[in-house]
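Below you'll find the structure, written out as structure tokens, and then a few comments.
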């Protein structure tokens, strides 16, 4: 293991994966919060035609040419998305999906052309689809390090504007921030991140690297700074763990393993995070249900009816909710199915109201008698 | 674009008015959202902007704040365009305009109201937090200052938004449907708060959708349906004829080319 960790190639791969993880984790947080999870997807697919164009112009497998091409079409795609969103009636998701499709289609057409014209030389291009971390050289780390440092610097310097723009763009504009410029800057940085990540993780999977750490961090964080830091940490863990696993099992592609690790972290977070996780939520709901039986809800309706001197009194759902401090609708529905209650409406625009049925009244009286130690409550006074 | 070339915006224009709107037209595509609005609101009133759905109520607020492009006309707040008056204006957008699942606390959202004042590089510190807490106290939310905003009720979220607008002590407050989706108790406490602000000399402008409470809440009314129907003191404006012209037959107000007649 120690010998493995001192392996020069592996060190390079891990360093690269770490940088890409931190970079996509930090920028991805903002994309996730702004509802632009698709942005990474669109940019990485749009980078594919750029990869091909770079290959055609510079020739060979020159990384610089390919990266410059990817950056160019990535930025063009980002600007197209921003333009479509701001200047047309298209919603963000439509603008993103349209640009994604266009980019990928162009990329595949160009790939096919290169395959036919350049023959075997295209083999190197395939690696941009799924990434080829093992081929990453020490000098390839420099662009990654520069882009990562640049992004971190930007996020720190523009922290308040980015935060306000992500939460409430209209209020950001009213506060005097150049929202459009900020949006373009952030999108351009994500495009840059995608491009430097391509070699490592590949076009198809880079999207997951943008979304997964941010989505996982959102589950745990209670502040934006917490979310961004955690997202960077998750990205870094995914990068390093993915790097090590793929090195332990020779022939295993690094990119997919990194992405699988990031997705696993996201999945676990979705399930177990204390406040928002599905399992704690499910557990809390069950706990509440067990402690509030339907009978107690029925008794509440019964007591409210008794207080109003009318067994057919229409009890407002909000009143029952307030009594029990929870949403009682599922239990009220269960009582309807049992024939103890029936839903009624005062006015069409009002909330739900509930009324005792004869069967429900009888059952409620039985319960009340049982719960108050055998003495049946008087039914004689109010008659509905 | 909307400013006349010769007009010097350094010179105040109608400075005695809290809000002065002249010849304002805003359109989305071919369809005018606001057509040739002339509107003056004096300082110290509580004004309600009322009209049917699609009347351009929210658009009017957004045009005042420069959030939507203006096709023609101009807007002045205390004599100057909004961009020169940011500190004097508080804006409360519709609650549904943001994602309340954002990871942040109530006091942090209120502090965001000070970001414009802090500029790009200064970070909020102790005094900003204190000011945010005072604003939360004003709306009765101080006890929930450190609560996650996703865990607040609709009415509490609305009050956080109002605190964010109050934190820099504006002279005029613009609110977009602050009563939408809040319970009766919260509605009462919001209206009481707005009345206190007016008593303290602030101008309050509210986009409101509930015609039944209009007379009770406001002392100044703006009836809007793409065009301005009427504006002025409540008792002069709140007439059956004016309300009919605002709400009755939106179609009748458009000519054959779907333009306001």
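Residue numbers (this note's numbering), protein chains in the order written: chain A, 1 to 384; chain B, 1001 to 1261. Note that the Cβ used here is the ideal one computed from N, Cα and C, for glycine as well. Only a predicted model underlies this, so the values are computations on that prediction, with no experimental measurement involved.
Under 9 Å between beta-carbons, which chain A residues line up against residue 1078/B? List them in chain order, please.
-> Neighbours of residue 1078/B on chain A: none; closest Cβ ~16 Å, over 9 Å.
Taking residue 1086/B as the query, report the chain A residues whose CB atoms sit under 9 Å from its CB, ordered along the chain.
-> 174, 175, 176
For residue 120/A, name the three-state secondary structure that DSSP assigns.
-> Model confidence at residue 120/A stands at a pLDDT of 49, short of 50, so the residue's coordinates are unreliable; what they give is reported in the following sentence. Note: residue 120/A maps to helix in three-state DSSP.
Kindly indicate which three-state DSSP category residue 7/A falls into: helix, strand or coil?
-> Residue 7/A sits in coil when the DSSP states are folded into three classes, being neither helix nor strand.
With C-beta atoms as the reference, is residue 1214/B less than 9 Å away from residue 1221/B?
-> yes
By DSSP, does residue 1232/B sit in helix, in strand, or in coil?
-> strand
Who are the near neighbours of residue 277/A in its chain, counting only those whose CB is closer than 8 Å to its CB and skipping five residues on each side?
-> 219, 269, 270, 271
Given a cut-off of 9 Å, decide if residue 50/A and residue 72/A are closer than it, judged by their beta-carbon atoms.
-> Between residue 72/A and residue 50/A, the gap from beta carbon to beta carbon is short of 9 Å.
Proximity test, Cβ basis, 9 Å: residue 1217/B and chain D | In the structure shown, chain D does not exist; the protein chains are A and B.
Is the stretch 1083-1092 of chain B in contact with the stretch 167-177 of chain A, if contact means three or more CB pairs nearer than 8 Å?
-> yes
Just reading off the beta strand (DSSP E) that residue 1031/B is part of, what are its end residues?
-> 1031-1041
CB contact check: residue 1138/B to chain A, cutoff 9 Å | no
Which two residues bound the contiguous alpha helix (DSSP H) that contains residue 85/A?
-> 63-87
With DSSP collapsed to three states, give me the class of residue 175/A.
-> coil
By DSSP, does residue 1172/B sit in helix, in strand, or in coil?
-> strand
Pull up the CB-CB distance for residue 1091/B and residue 1165/B, whole angstroms please, since I reckon it's below 8 Å.
-> 6 Å
Validate contact between the stretch 293-304 of chain A and the stretch 314-333 of chain A using beta carbons, cut 8 Å, 3 pairs = yes
Closer than 7 Å at the beta carbon, the chain A residues around residue 1098/B | 167, 168
What are the boundary residues of the alpha helix (DSSP H) that residue 254/A is part of?
-> Its alpha helix (DSSP H) spans residues 254-272.
Find the residues of chain B that neighbour residue 139/A, judging by a C-beta separation of less than 8 Å, and give them in chain order.
-> In chain order: nothing, as chain B lies at least about 35 Å away.
Answer yes or no: does any C-beta atom of chain B fall closer than 9 Å to that of residue 35/A?
-> yes
Spatial distance of residue 1142/B from residue 1129/B (CA atoms) = 12 Å
Per DSSP, which residues does residue 401/A bridge with? Please list them.
-> Nothing in the structure corresponds to residue 401/A, since chain A is present only between 1 and 384.
Just the Cα atoms here: how many angstroms apart are residue 1144/B and residue 203/A?
-> 45 Å
Where does residue 148/A land, buried or exposed, given buried means 16+ other C-beta within 10 angstroms?
-> buried
Could you tell me the boundaries of the alpha helix (DSSP H) in which residue 324/A lies?
-> 317-324
Under 9 Å, do residue 210/A and residue 39/A count as touching if we go by C-beta distance?
-> yes
In whole angstroms, what is the alpha-carbon distance linking residue 24/A and residue 117/A?
-> 35 Å
Buried/exposed call for residue 120/A, threshold 16 Cβ in 10 Å | Confidence at residue 120/A is low in this model, with a pLDDT of 49, below 50, so the placement of that residue should be treated as unreliable; the coordinate-derived value is given next. That one is exposed.
Starting from residue 1025/B, follow its DSSP beta bridges and name the residues at the other end.
-> 1072/B
DSSP puts residue 1046/B in a beta bridge; with which residues?
-> 1204/B
Chain A residues whose Cβ lies nearer than 9 Å to that of residue 1104/B | 163, 167, 222, 223, 224
State yes or no: is the C-beta of residue 1039/B within less than 9 Å of the C-beta of residue 1173/B?
-> no
Can you check whether the CB of residue 221/A is closer than 9 Å to the CB of residue 233/A?
-> Cβ atoms of residue 233/A and residue 221/A: not closer than 9 Å.
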